[in-house]
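The structure under discussion appears below in the form of structure tokens.
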Amino acid sequence: MNDEFYIKQALNLARRGLGKTSPNPMVGALIVKQGKVIGQGYHRRYGGNHAEINAIQNAHGDISGASLYVTLEPCCHHGKKTPPCLDTLLRYDLRRVVIGTIDPNPRVNGRSIQALREKGIETEVGVLGEECRQLNEVYFKYIQTGTPFVTLKFAQTLDGRIASASGDSRWISSEPSLKFAHKLRSYNDAVLVGIGTVLQDDPQLTVRRVKGRNPVRVAIDSSLRIPLNSKVLKEQEAARTIIAATPDADKGKHTALLRQGIEVITTGKDGAGRVDIGDLLKKLGEMNISSVLIEGGAEVITSMIRNKLVDKYIVIIAPRIMGKGIDAIGDLGTPTAGSSLKLSFSRIFRSGEDLIIEARPES
Numbered sequence: 001m002n003d004e005f006y007i008k009q010a011l012n013l014a015r016r017g018l019g020k021t022s023p024n025p026m027v028g029a030l031i032v033k034q035g036k037v038i039g040q041g042y043h044r045r046y047g048g049n050h051a052e053i054n055a056i057q058n059a060h061g062d063i064s065g066a067s068l069y070v071t072l073e074p075c076c077h078h079g080k081k082t083p084p085c086l087d088t089l090l091r092y093d094l095r096r097v098v099i100g101t102i103d104p105n106p107r108v109n110g111r112s113i114q115a116l117r118e119k120g121i122e123t124e125v126g127v128l129g130e131e132c133r134q135l136n137e138v139y140f141k142y143i144q145t146g147t148p149f150v151t152l153k154f155a156q157t158l159d160g161r162i163a164s165a166s167g168d169s170r171w172i173s174s175e176p177s178l179k180f181a182h183k184l185r186s187y188n189d190a191v192l193v194g195i196g197t198v199l200q201d202d203p204q205l206t207v208r209r210v211k212g213r214n215p216v217r218v219a220i221d222s223s224l225r226i227p228l229n230s231k232v233l234k235e236q237e238a239a240r241t242i243i244a245a246t247p248d249a250d251k252g253k254h255t256a257l258l259r260q261g262i263e264v265i266t267t268g269k270d271g272a273g274r275v276d277i278g279d280l281l282k283k284l285g286e287m288n289i290s291s292v293l294i295e296g297g298a299e300v301i302t303s304m305i306r307n308k309l310v311d312k313y314i315v316i317i318a319p320r321i322m323g324k325g326i327d328a329i330g331d332l333g334t335p336t337a338g339s340s341l342k343l344s345f346s347r348i349f350r351s352g353e354d355l356i357i358e359a360r361p362e363s
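This is the structure in structure tokens:
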């Protein structure tokens, strides 16, 4: 067995924390002694023990002389919920520590690695480093930029329509794809739509078809046109709602929303006098929201792409042809094919009768 073998196992453990650890990263850890795994753990939820501590607590027998395999550099600072893992590790006579990747948090960023080496513990860094960074791409972007990782998801027909000419979009995709979409909601800190979607579809934006936490619901509504009986304003005890508006928004509606317990945040304006989405993302980051799932409609989708704010695209393609209808993406101002946005496909798979494509901007 080599280092990659054990880090792969640690990665599989870390993935169990998907959708439960934000704004912390997902981390997995193994303790190996004389070729046998004697302890394993992962970061189960935000506020709970980190992976290394769980692995130590779950270990069978003495861990002196053992090797620790962990996907991310152990923390060396007091967090809001937990003490530093490094202090605990240094109390044990570990022979070796193998780390997938450095933690980019400025409060860590190699400090734990240096401390382990100064203690005389052999420390290896970078084993399956790219896989470990990819696992925590949300955390890495958020901790390095202060803005959320943005996933843009939409379902369309084969000819690129997200709704009929009348605005009807139910149901373009299959039941398995709808479950997949709800799973995506549960993995993200927030789900965001524009006021057009709220007025047309009156969505709840909660997690229903699968088990999982409800994301914060964010609606972009520059002038505050949202009806006060909208579904997205209900069930605040189960799913918090934030409305993003401009300084020019209706003051009476603003007051009425506040009376209903709805948060209204005011952003700067873009060139058209609407909510500046880049500014909105910064404000959401300041609210500890590290990931946002964009669910439309076409105006928001187009604005996100035009402003290069998307980190990952997920497009559900249904085997339907609609003809006249609403395009998924509007004018991006690309005069030639060569100037169009270039993407790199990262995953393509079937979901029921649909095809799902994951892609990322090529940079």
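With this note's numbering as the guide, the letters of the sequence shown map in order to residues 1 to 363. Don't be surprised by glycine CBs; every beta carbon is placed ideally from N, CA and C. All values derive from a computational prediction rather than experimental measurement.
Stretch-stretch touch, CB-based, cutoff 8 Å, three pairs: the stretch 294-302 with the stretch 149-159: With the rule of 3 Cβ pairs closer than 8 Å, the stretch 294-302 counts as touching the stretch 149-159.
Taking all protein chains shown into account, do 16 or more other C-beta atoms lie within 10 angstroms of the C-beta of N364, making it buried, or fewer, making it exposed? In the structure as shown, the chain begins at 1 and stops at 363. Residue 364 is therefore absent and cannot be evaluated.
Close-in-space but distant-in-sequence residues of the same chain around P106 (CB under 7 Å, 5 per side omitted): Within the same chain, P106 has no close Cβ partners at all.
Anyone know if the C-beta pair for L224 and L192 falls short of 9 Å? no
Answer yes or no: do E263 and I277 have a C-beta to C-beta separation smaller than 9 Å? no
Nearest to F5 by CA position, among G268, K20 and I31, is which residue? I31
Contact set for G196: own chain, Cβ-Cβ below 7 Å, skip 5 residues either direction: Excluding positions up to five away in sequence, the list reads G297 and E299.
Assign R16 to one of three DSSP states: helix, strand, or coil. helix
Reducing DSSP to helix, strand and coil, say where A66 ends up. coil
Any contact of the stretch 331-351 with the stretch 170-186, i.e. 3+ C-beta pairs under 8 Å? yes
Same chain, Cβ closer than 7 Å to P74, neighbours up to 5 away in sequence not counted: E52, C85, L86, L89 and S112
Does the stretch 35-55 come within contact of the stretch 9-17, defined as at least 3 CB pairs closer than 8 Å? yes
Please tell me whether V232 and V207 are closer than 9 Å, where the distance is taken between their beta carbons. no
Please state the DSSP three-state secondary structure of Q156. strand
Whole-angstrom Cβ separation of L72 and P25, contact assumed at under 8 Å? 6 Å
By how many angstroms is the C-alpha of S186 removed from the C-alpha of S174? 19 Å
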